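**Q** Residues 19 to 383 in my numbering are what the sequence shown lists, from first letter to last. A virtual CB, placed ideally from N, CA and C, is assigned to each residue, including glycine. Here the structure is a predicted model, which means the values were calculated and not measured.
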Amino acid sequence: MLKAGIVGLPNVGKSTLFNAITQAGAESANYPFCTIDPNVGIVQIPDHRLEKLAEIVHTQRIIPTAYEFVDIAGLVKGASRGEGLGNKFLANIREVDAIAHVVRCFEDENITHVAGQVDPIADIETINLELILADLETVEKRMTRVQKMAKSGDKTAKQQLEVLEQLKQAFEQGQTARSLNLSEEEEHLIKELHLLTLKPVLYVANVSEGEIGQEENNPHVQRVKDYAAHDLAEVVTICAKVEAEIAELEGEDKVLFLEELGIQESGLDQLIKATYKLLGLATFFTAGEKEVRAWTIKEGTKAPQAAGKIHSDFEKGFIRAEVIHYNDLVAAGSMAEAREKGLLRLEGKDYVVKDGDVIHFRFNV
Ligand code: GDP
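#1: Using the Cβ count rule (16 or more neighbours within 10 Å means buried), how would you classify K70?
#2: If you draw a straight line from the alpha carbon of Q184 to that of T40, how long is it in whole angstroms?
#3: So A398 packs on L361, CB below 8 Å; how close in whole Å?
#4: So does G31 have its beta carbon nearer than 7 Å to some heavy atom of the ligand GDP?
#5: Could you please give me the residues that DSSP links to A91 through a beta bridge?
#6: Is the CB-CB distance between N235 and T130 below 8 Å?
#7: Taking 7 Å as the cut-off, is the C-beta of G285 nearer than that to any heavy atom in the ligand GDP?
#8: DSSP state of H238, grouped into three classes?
#9: Buried or exposed: R311, going by 16 or more other Cβ atoms within 10 Å of its Cβ?
#10: For T34, is the beta carbon positioned less than 7 Å from some heavy atom of the ligand GDP?
#11: For N224, is the classification buried or exposed, using 16 other Cβ atoms within 10 angstroms of its Cβ as the cut-off for buried?
#12: Grouping DSSP H, G and I as helix and E and B as strand, with all else coil, what is R79?
#13: Going along the chain, which residues of its own chain have a beta-carbon closer than 6 Å to the beta-carbon of D89, five neighbours each way excluded?
#14: With a Cβ-Cβ cutoff of 8 Å, do L279 and I230 count as a contact?
#15: How is G374 classed by DSSP in three states: helix, strand or coil?
#16: Is K295 helix, strand or coil when you go by DSSP?
#17: Just to check, is the beta-carbon of N236 closer than 7 Å to a non-hydrogen atom of the ligand GDP?
#18: Mind reading off the beta-carbon distance from V254 to V222? Whole number of angstroms is fine, and I expect it under 8 Å.
#19: Starting from F124, trace the beta strand (DSSP E) both ways and give me its first and last residue.
#20: With DSSP as the reference, label H248 as helix, strand or coil.
#21: With DSSP run on the structure shown, which of helix, strand or coil describes G59?
#22: Would you call I60 buried or exposed, if buried means 16 or more other Cβ atoms sit within 10 Å of its Cβ?
#23: Confirm, please, whether the CB-CB distance from I208 to L182 is below 8 Å.
#24: Would you please state the rounded distance, in angstroms, between the beta carbons of F336 and F379? I believe it to be under 8 Å.
#25: On the CB-based measure, 16 or more other CB atoms within 10 Å of its CB, does E270 come out buried or exposed?
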């Protein structure tokens with residue numbers, strides 16, 4: 019299962035947000051391969067297509083796809099030098115597929131800011147600097163090795179060295195690896211370094227209760243957006259405190275509360291969807307009388323590997339995939355009708371699964 023990590027300075031609202039996530043989160047029973055850890059919450063991706071599919075195939079049971087949110091608290095100044103629990107936190111960040119970086123944009127005299135005043139850009143830079151310094155160390159270490167190889171005429175080493183030099187220069191100017199917008203080939207050359215600042219980032223601007231739905235009036239948020247644009251990162255605005263309240267509500271109560279706030283979708287749902295998008299993910303479905311279920315794959319995944327998400331035996335014994343796109347199935351109205359019309363296709367092992375495919379795998383056991 020993919021993982022997103024929540025980072026941020028102390029007192030910016032990380033725990034509040036994380037609690038909202040776990041409160042709203044899924045029961046782990048449906049996701050047996052998840053880590054059982056108090057710092058890990060499972061979030062389900064809201065997807066309206068599931069309800070429609072359940073209607074079509076006449077089932078009550080819906081299992082949305084999910085990913086893990088990890089609370090990586092305690093990243094502070096000096097982490098890259100191993101201060102505090104520095105190394106442990108950097109190691110935790112290395113494990114995640116994407117980062118949700120929470121920044122404080124709310125003013126509240128009662129809540130101490132670690133740096134004395136609300137300044138989201140300074141906060142972002144404090145954390146990014148630690149990540150950049152850690153990456154700089156990684157890159158410099160690698161450079162010493164690669165330089166020797168490049169001198170002895172190794173072509174790949176030469177190419178690698180060029181990218182490493184670019185990175186080093188960026189780091190020395192306080193820029194992230196992400197902001198360089200490296201080409202696919204360049205990224206491939208340095209993939210094994212697992213750079214922290216190359217991971218996709220979502221800045222989560224935490225605003226105060228009164229500012230929901232009118233974030234454009236908050237100058238801090240605007241600054242975060244400007245910063246993110248340069249850093250090639252995304253921004254979502256939420257009020258962590260209100261999200262914690264929303265997370266306790268369900269059904270009609272939740273709808274009414276959102277209406278009262280003047281918003282259609284909770285900040286948490288926006289955050290979940292934005293992270294999903296950030297991870298470059300696609301969803302395919304399995305649909306039968308027993309259940310309809312959404313599964314997550316990276317865009318570009320082929321049918322056997324998609325089958326492997328369900329069970330490794332499905333991948334090993336893969337024969338064919340019987341595929342229909344969600345839109346075609348909805349248009350047909352039922353599986354039987356779709357079959358009648360010849361809308362179900364048989365695809366082989368080279369088929370690239372598309373977002374919205376409804377798939378039945380055939381395999382040997
Ligand atoms: P963490 O250290 O980053 O995990 O921060 P916490 O989640 O513990 O939040 C620190 C304090 O800020 C707590 O007292 C929260 O209630 C408060 N807080 C968090 N989000 C908001 C918010 O959106 N508005 C206000 N006014 N207070 C908040």
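**A** Taking the coordinates as given:
#1: Mapped onto the sequence shown, residue 70 falls at position 52. A residue is called buried when at least 16 other Cβ atoms come within 10 angstroms of its Cβ; K70 does not meet this threshold and is exposed.
#2: As a first step, residue 184 must be located in the sequence shown, where it is residue number 166. As a first step, residue 40 must be located in the sequence shown, where it is residue number 22. So the two alpha carbons sit approximately 40 Å from each other.
#3: The structure shown does not extend to residue 398, since the chain is modelled only from 19 to 383, so the question has no answer here.
#4: As a first step, residue 31 is located in the sequence shown; it is residue number 13 there, counting from the start. Because some heavy atom of the ligand GDP lies under 7 Å away, the Cβ of G31 counts as near it: yes.
#5: Counted from its first residue, the sequence shown places residue 91 at position 73. The partner list for A91 (beta bridge, DSSP) is empty, contrary to what the question assumes.
#6: For the purposes of this step, residue 235 is taken as the residue at position 217 of the sequence shown. For the purposes of this step, residue 130 is taken as the residue at position 112 of the sequence shown. Result no, Cβ atoms of N235 and T130 do not sit closer than 8 Å.
#7: To locate residue 285, count along the sequence shown from 1; it is residue 267. No, the ligand GDP has no heavy atom inside 7 Å of this Cβ.
#8: Here the question's residue 238 lines up with position 220 in the sequence shown. Residue state, collapsed to three classes: helix.
#9: On the sequence shown, position 293 is the one that residue 311 refers to. So R311 counts as buried.
#10: On the sequence shown, position 16 is the one that residue 34 refers to. Yes - the ligand GDP has a heavy atom lying nearer than 7 Å to the Cβ of T34.
#11: Against the sequence shown, residue 224 aligns to sequence position 206. Flag for N224 reads buried.
#12: Here residue 79 refers to the residue found at position 61 when the sequence shown is read from its first residue. Residue state, collapsed to three classes: coil.
#13: Within the sequence shown, numbered from 1, the residue matching residue 89 stands at position 71. Answer for D89: I24, F36 and N57, listed in chain order.
#14: Counting from one through the sequence shown, the residue named residue 279 turns up at place 261. Counting from one through the sequence shown, the residue named residue 230 turns up at place 212. Yes, the Cβ-Cβ distance between L279 and I230 is below 8 Å.
#15: Reading the sequence shown from its first residue, position 356 is the one you call residue 374. G374: coil per DSSP, three-state reduction.
#16: Position 277 of the sequence shown, counting from 1, holds the residue named residue 295. If DSSP states are grouped into helix, strand and coil, K295 belongs with the helices.
#17: Taking the sequence shown and counting its residues from 1, the one referred to as residue 236 is at position 218. Outside the cutoff, so no.
#18: Sequence index remark: in the sequence shown, residue 254 carries index 236 (1-based). Sequence index remark: in the sequence shown, residue 222 carries index 204 (1-based). Correct: roughly 5 Å between the Cβ atoms.
#19: For this step, residue 124 is matched to residue 106 along the sequence shown. Segment: none, F124 is in no beta strand (DSSP E) and carries neither H nor E.
#20: As a first step, residue 248 must be located in the sequence shown, where it is residue number 230. DSSP places H248 in helix when its eight states are reduced to three.
#21: The sequence position of residue 59 within the sequence shown is 41, counting from 1. Annotated three-state conformation of G59 is strand, per DSSP.
#22: The residue given as residue 60 occupies position 42 in the sequence shown. Result: buried.
#23: Taking the first residue of the sequence shown as position 1, residue 182 is located at position 164. Taking the first residue of the sequence shown as position 1, residue 208 is located at position 190. Result yes, Cβ atoms of L182 and I208 sit closer than 8 Å.
#24: Stepping through the sequence shown from its first residue, residue 336 is reached at position 318. Stepping through the sequence shown from its first residue, residue 379 is reached at position 361. With 8 Å as the limit, F336 and F379 qualify as a contact, their Cβ atoms being about 7 Å apart.
#25: Working through the sequence shown from its first residue, we reach residue 270 at position 252. The residue in question, E270, is exposed, as its Cβ has fewer than 16 Cβ neighbours within 10 Å.
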